[in-house]
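Working notes for the structure below.
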Amino acid sequence: MYAPPQELGDPPPWSSKHTVEGILEDHRAWEIKVVAWAKQHGNGPYAGEIIQFPVADGRASYIVLSLKPVQLIHLSTGDDYEYPYIERLTATDITQRIEQTRKVHDDD
């Protein structure tokens with residue numbers, strides 16, 4: 013698992029100067045930059061895909077950089093949760109997760 017690239021900086025901080033909606037918009041804009049970076053620098057058809065896992069009262073989010081070998085970028089936005097089994101996931105596990113997510117969104 014990797015941290016986001018240094019050149020993109022840290023995610024925007026939570027600040028009392030912003031509304032929750034404003035903070036979430038800032039985080040989403042930063043995540044879009046990380047996705048674009050992963051698509052440009054990653055390998056394979058899934059580079060730049062976001063995968064998420066439920067954790068506690070939120071979710072842990074990652075961006076695929078490569079599946080051979082498995083390389084994921086942790087998105088440290090929101091509550092900054094990490095999926096406790098992330099190191100155990102295989103390329104097949106990640107591919108299935110992405111395809112399941114796509115199927116759910118295609119049905120919307």
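Using our numbering, read the sequence shown as starting at 13 and increasing by one per residue.
A virtual CB, placed ideally from N, CA and C, is assigned to each residue, including glycine.
Taking 4 residues as the minimum length, the alpha helix (DSSP H) runs contained wholly in the stretch 44 to 120 are 103 to 118, in order along the chain.
For Trp49 and His117, the gap between their C-alpha atoms comes out near 23 Å. Here Ile35 has Pro24, Trp26, Ser27 as same chain residues with Cβ atoms under 8 Å from its own Cβ, once five neighbours each way along the sequence are excluded.
Taking the Cα positions, Gln64 is about 6 Å away from Arg71.
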